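Residue numbers (the working numbering), protein chains in the order written: chain U, 17 to 250; chain P, 1350 to 1649; chain D, -2 to 323.
Cβ atoms here follow ideal geometry from the backbone N, Cα and C, with glycine treated the same way.
Since we're looking at a predicted model, the values are computed, not measured.
Read through the structure below, which is laid out as structure tokens, and then see the notes.
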């Protein structure tokens, strides 16, 4: 397979999104929150996945993108997923299984554009721990036509401001990235890093704003309740 | 439920023993072993059959003269024209009952006394009933059935003859490929009959040296020696009428005596199991399949 | 020539249809089929949607109910047949005589195919199933050579279907208890072979060691393509010999090169194995075979196809289809 072809096969958004995630300046706390939003979206868009994961009960998957400086801990409880970001070298115990590989393999797997067994046979994915749980996870995710684009943008309502702030600037880089991801990654990391730092401040500001708005809404609700009017019903 | 005495049977020799050795083995069985039914025939590899064929009439007569029922067993994996022709001749011309180890023989056996062998899949009462209805006088069960299934099938048999494999390495799988030949860098066609080197099968170990399986030509066997000696009483209770021993290159007359004794005197089972362990030196005993666990395990 | 393709999930079914499958075969999400893997297979509702979708494209759906029902517990298998008949699937693929009998009695109109798990390897056995249960097609065991397939197809009264690509049993299918001997779970009773629940991988120094239960199945030096520890595809030691792939290499069946020859044998359908594989596998294999079959039928040369990366151990073999395999 030639390089151009493999570049063309890259799933939409992922390279740049990943470049974004790979940036150290994104604080772990924020990344965790983004991941939770991501999983929440996934759960809403593809409820079938949860039903296929349910038989696993309680499970902890350690997903280790080898080209990242951090890893993910995905916690499943009866089909419902939550996640944590772990920084490099951070100890993690009681994992059901760990899967390591380059991040492109993971995103392609998510979108089903590559066969998990093939990745494993060719040693691009390394699995340790409960193989059955890993296969269940793979089968469940593979059972829907999952699209990262849908998860990130394609849902009907407005994007939560947090996610929008991250995805919009990154997605604008996407088209260019497809041409030559490797070169682009090198040349873009600098500017993106700076932009992410700015975004970080912006995000903190938005967060404070959200919290404030939330308080106000609750205050209003309480007031209306007392006055006998229920918001949202006509 | 039948009240007839439990019958001890001797399955066909699965391994490639020299013809004279086979003949002498059966002569001794005829003269000394407390066995009721003897199955004879090549079921593993059709290439081996011509060597023993000339001795079969003589052996059958000797066994029958000793009061034993003789059943002729058919090949388990029938593929070539020659194999089909031989099977057809056996099924249509043999004066003796046939054990069918492949469904190809079934049509020919409809109106003839026959046994459904352990290489035909009978896992449930629906299939069991089908075979009895189409004329089988006895059905031999697959080795991997757990006690729950055996009990259900015993109930469904309702007094009709049902046989279980109770001793010897278990025939676990069949193939078109010969692993004995392959392990000697030969092919099946040019095999030089290397399977003759291992009268109880060739041990197969893992990379760590742990015993794993055993190879007998195109057949893959358990490494462990199946023994349901301790379960005979239970088997009788759930309706099993026939108890099979697989021939091995050891004192099979003594093995037969131990099984016969426990069938008649269940209280001797513990002591007899100890004696069996002394006779069986090639591999440990196992009974895992029957106890719904890994087949290689021995459940006390 | 019918191209019969696997789908372990609705999304794989989409992929197969899109890639040009004439038929997609699936199983229910339980022990009634021989790919009873966690997270895999179809609920009755999913099957209903799948059948409607395939029929709207003038394609077909077969349902594999090809394990051996457990003694004293026949209802799950009978129910699976009833549901498949109800939904209007195009055929059921089964191996157990009792279940064939049930289906012939209760759903005589439901087309019956004999599963490879029945291991019917000669005309007499196949004609027995035809005469007794009116089967319309047999899926041939992967133990026959191309010449034997041609002869057999000419001698039987039913259609024949053969495996073209995928994981290959080295043993006669449906007559193998190796998995239950080592793990307690068997293809015939539980619909699994070398189940993932018993699989472990360990990095030992420079080697990746694959285990099944307590048994080491293989060790791969770093850089060598690995395989799933299917117990007949490991490295073992025979008597006094060096470790070798005593039974079979971790390899996949691929008959692509024999396709023109195989089509001439008169077989009705070519089957792709792999309901347990992902939709990417399905898309790639099915489209390659679609192109190849169409080319051969037009009289063109076989198109290039690169299926190397998705085969196990990154290797493939024409297997038993060639006599020297034995």
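| residue 1342 of chain P: which of D/40, D/317, D/46 sits nearest, CA to CA? | Examination of residue 1342 of chain P is not possible in this model, given that chain P is present from 1350 through 1649 alone.
| request: With DSSP as the reference, label residue 164 of chain D as helix, strand or coil. | output: Your numbering for residue 164 of chain D matches position 167 in the third chain. DSSP places residue 164 of chain D within a strand segment (E or B) once states are collapsed to three.
| Any beta-carbon of chain P closer than 8 Å to the one on residue 67 of chain D? | Position 70 of the third chain, counting from 1, holds the residue named residue 67 of chain D. Interface residue, yes.
| Of the residues P/1523, P/1420, P/1416, which one's Cα is nearest the Cα of residue 1488 of chain P? | Position 139 of the second chain holds residue 1488 of chain P. Distance check between residue 1488 of chain P and each of P/1523, P/1420, P/1416 places P/1420 closest, using alpha-carbon atoms only.
| query | Which residue from P/1358, P/1388, P/1404, P/1399 puts its Cα closest to that of residue 1373 of chain P? | reply | To locate residue 1373 of chain P, count along the second chain from 1; it is residue 24. Put simply, of P/1358, P/1388, P/1404, P/1399 the residue whose alpha carbon is nearest the alpha carbon of residue 1373 of chain P is P/1404.
| query | Looking at C-alpha atoms only, which residue of P/1444, P/1579, P/1492, P/1525 is the closest neighbour of residue 1624 of chain P? | reply | Stepping through the second chain from its first residue, residue 1624 of chain P is reached at position 275. Nearest C-alpha to residue 1624 of chain P: P/1579.
| query | To the nearest angstrom, how far is it from the Cα of residue 27 of chain D to the Cα of residue 1539 of chain P? | reply | The residue given as residue 27 of chain D occupies position 30 in the third chain. The residue given as residue 1539 of chain P occupies position 190 in the second chain. Going from the Cα of residue 27 of chain D to the Cα of residue 1539 of chain P covers about 44 Å.
| query | Expressed to the nearest angstrom, what Euclidean distance is found between the alpha-carbon atoms of residue 52 of chain D and residue 119 of chain U? | reply | Against the third chain, residue 52 of chain D aligns to sequence position 55. Against the first chain, residue 119 of chain U aligns to sequence position 103. Going by the C-alpha atoms only, they are around 39 Å apart.
| message | I'd like to know whether the C-beta atoms of residue 1357 of chain P and residue 1383 of chain P end up nearer to each other than 8 Å. | response | Within the second chain, numbered from 1, the residue matching residue 1357 of chain P stands at position 8. Within the second chain, numbered from 1, the residue matching residue 1383 of chain P stands at position 34. Yes. Within cutoff.
| query | List, in order along the chain, the chain D residues whose C-beta lies closer than 8 Å to that of residue 123 of chain U? | reply | Your numbering for residue 123 of chain U matches position 107 in the first chain. Close partners of residue 123 of chain U in chain D (Cβ separation under 8 Å) are lacking, with about 13 Å as the shortest Cβ gap.
| Assigned secondary structure, residue 190 of chain U (DSSP; H/G/I helix, E/B strand, else coil) | As a first step, residue 190 of chain U is located in the first chain; it is residue number 174 there, counting from the start. Confidence in residue 190 of chain U is poor, its pLDDT being 42 and thus under 50, which makes the residue's placement too unreliable to answer from.
| query | Where does residue 251 of chain D sit, in a helix, a strand or coil, going by DSSP? | reply | For this step, residue 251 of chain D is matched to residue 254 along the third chain. Residue 251 of chain D: strand per DSSP, three-state reduction.
| field | Endpoints, alpha helix (DSSP H) assigned at residue 1529 of chain P | value | For the purposes of this step, residue 1529 of chain P is identified with residue 180 of the second chain, where counting begins at 1. In this chain, the alpha helix (DSSP H) harbouring residue 1529 of chain P covers 1528 to 1532.
| Candidates P/1643, P/1533, P/1588, P/1594: which alpha carbon is nearest residue 238 of chain D's? | Position 241 of the third chain, counted from the start, is the residue given in the question as residue 238 of chain D. With distances taken between Cα atoms, residue 238 of chain D lies closest to P/1533.
| task | Kindly provide the ranges of any beta strand (DSSP E) runs that are 3 or more residues long and lie completely inside the region 1462 to 1540 of chain P, ordered along the chain. | result | Along the region 1462 to 1540 of chain P, the beta strand (DSSP E) occurs as fully enclosed runs of 3 or more residues at 1463 to 1465, 1485 to 1489, 1510 to 1517, 1520 to 1523, listed in sequence order.
| Grouping DSSP H, G and I as helix and E and B as strand, with all else coil, what is residue 1542 of chain P? | Looking up residue 1542 of chain P in the second chain gives position 193. Residue 1542 of chain P: coil per DSSP, three-state reduction.
| task | Output, in chain order, the set of chain D residues within a Cβ distance shorter than 7 Å of residue 54 of chain U. | result | Position 38 of the first chain holds residue 54 of chain U. The contacting residues do not exist; residue 54 of chain U stays about 20 Å from chain D at best.
| Whole-angstrom distance between residue 169 of chain D and residue 190 of chain D, CA atom to CA atom | If you number the third chain from 1, residue 190 of chain D lands on position 193. If you number the third chain from 1, residue 169 of chain D lands on position 172. The straight-line gap from Cα to Cα measures roughly 13 Å.
| query | Since residue 117 of chain U sits in a beta bridge, which residues does DSSP pair it with? | reply | Locating residue 117 of chain U in the first chain gives position 101, counting from the first residue. DSSP output for residue 117 of chain U lists U/81, U/141 as bridge partner(s).
| task | Buried or exposed for residue 74 of chain U, please, with buried defined as at least 16 other CB atoms from any protein chain shown within 10 angstroms of its CB. | result | Along the first chain, read from residue 1 onward, the residue named residue 74 of chain U stands at position 58. Note on residue 74 of chain U: under 16 other CB atoms within 10 angstroms of its CB, so exposed under the neighbour-count rule.
| query | Three or more C-beta pairs closer than 8 Å, one from the region 123 to 137 of chain U and one from the region 91 to 105 of chain U: is that the case here? | reply | No: the two stretches stay apart, fewer than three of their Cβ pairs being nearer than 8 Å.
| field | Alpha carbon of residue 157 of chain U to alpha carbon of residue 151 of chain U, nearest angstrom | value | The sequence position of residue 157 of chain U within the first chain is 141, counting from 1. The sequence position of residue 151 of chain U within the first chain is 135, counting from 1. For residue 157 of chain U and residue 151 of chain U, the distance between alpha carbons rounds to 10 Å.
| Minimum Cβ-Cβ distance from residue 35 of chain D to chain U less than 8 Å | By one-based count along the third chain, residue 35 of chain D stands at place 38. Residue 35 of chain D has a beta carbon lying within less than 8 Å of a beta carbon in chain U.
| Roughly how many angstroms separate the alpha carbons of residue 321 of chain D and residue 1567 of chain P, rounded to a whole number? | Looking up residue 321 of chain D in the third chain gives position 324. Looking up residue 1567 of chain P in the second chain gives position 218. Roughly 15 Å between the two C-alpha positions.
| task | Going by CA-CA distance only, name the one from P/1486, P/1470, P/1485 that's closest to residue 1494 of chain P. | result | On the second chain, position 145 is the one that residue 1494 of chain P refers to. Of the listed residues, the one whose Cα sits closest to residue 1494 of chain P is P/1470.
| field | Supposed close pair residue 1459 of chain P, residue 1481 of chain P - CB separation, criterion 8 Å | value | As a first step, residue 1459 of chain P must be located in the second chain, where it is residue number 110. As a first step, residue 1481 of chain P must be located in the second chain, where it is residue number 132. Not really, about 13 Å apart at Cβ, beyond 8 Å.
| task | Starting from the C-beta of residue 1368 of chain P, find all residues in its chain whose C-beta is less than 8 Å away, skip the five residues before and the five after it, and write them out in chain order. | result | Numbered from its first residue, the second chain carries residue 1368 of chain P at position 19. These residues qualify, in order along the chain: 1400, 1401, 1403, 1404.
| said: For residue 216 of chain D, which residues in the same chain have their Cβ closer than 6 Å to its Cβ, ignoring the five residues on either side in sequence? | reply: To locate residue 216 of chain D, count along the third chain from 1; it is residue 219. Taking C-beta separations shorter than 6 Å and ignoring five residues to either side along the sequence, the partners of residue 216 of chain D in its chain run 204, 206, following chain order.
| message | How far does the alpha helix (DSSP H) with residue 190 of chain D in it extend, from its first residue to its last? | response | Counted from its first residue, the third chain places residue 190 of chain D at position 193. No alpha helix (DSSP H) contains residue 190 of chain D, which DSSP labels as neither H nor E.
| task | Compare the C-beta of residue 84 of chain U against all C-beta atoms of chain D and say whether one is closer than 8 Å. | result | Stepping through the first chain from its first residue, residue 84 of chain U is reached at position 68. No, no contact with chain D.
| Does the beta carbon of residue 136 of chain U sit closer than 8 Å to a beta carbon anywhere in chain D? | Within the first chain, residue 136 of chain U is the residue found at index 120, counting from 1. With 8 Å as the cut-off, residue 136 of chain U counts as an interface residue toward chain D.
| request: Tell me whether residue 22 of chain D sits in a helix, a strand or coil according to DSSP, three-state version. | output: As a position in the third chain, residue 22 of chain D is number 25, starting the count at 1. Note: residue 22 of chain D maps to strand in three-state DSSP.
| field | Interface partners of residue 257 of chain D on chain P, CB under 7 Å | value | The count along the third chain starts at 1 and reaches residue 257 of chain D at position 260. Chain P residues near residue 257 of chain D: none, gap ~23 Å exceeds 7 Å.
| Euclidean distance between Cα positions of residue 1642 of chain P and residue 128 of chain U | Residue mapping note: residue 1642 of chain P aligns to position 293 of the second chain, counting from 1. Residue mapping note: residue 128 of chain U aligns to position 112 of the first chain, counting from 1. Looking at the two C-alpha atoms, the distance is approximately 36 Å.
| message | For residue 1466 of chain P, which residues in the same chain have their Cβ closer than 7 Å to its Cβ, ignoring the five residues on either side in sequence? | response | Along the second chain, read from residue 1 onward, the residue named residue 1466 of chain P stands at position 117. Excluding positions up to five away in sequence, the list reads 1422, 1448, 1449, 1450, 1489.
| Using a C-beta to C-beta distance shorter than 8 Å, which residues of chain D count as neighbours of residue 1537 of chain P? | In the second chain, residue 1537 of chain P corresponds to position 188, counting from 1. Near residue 1537 of chain P (Cβ distances below 8 Å), the residues of chain D are 323.
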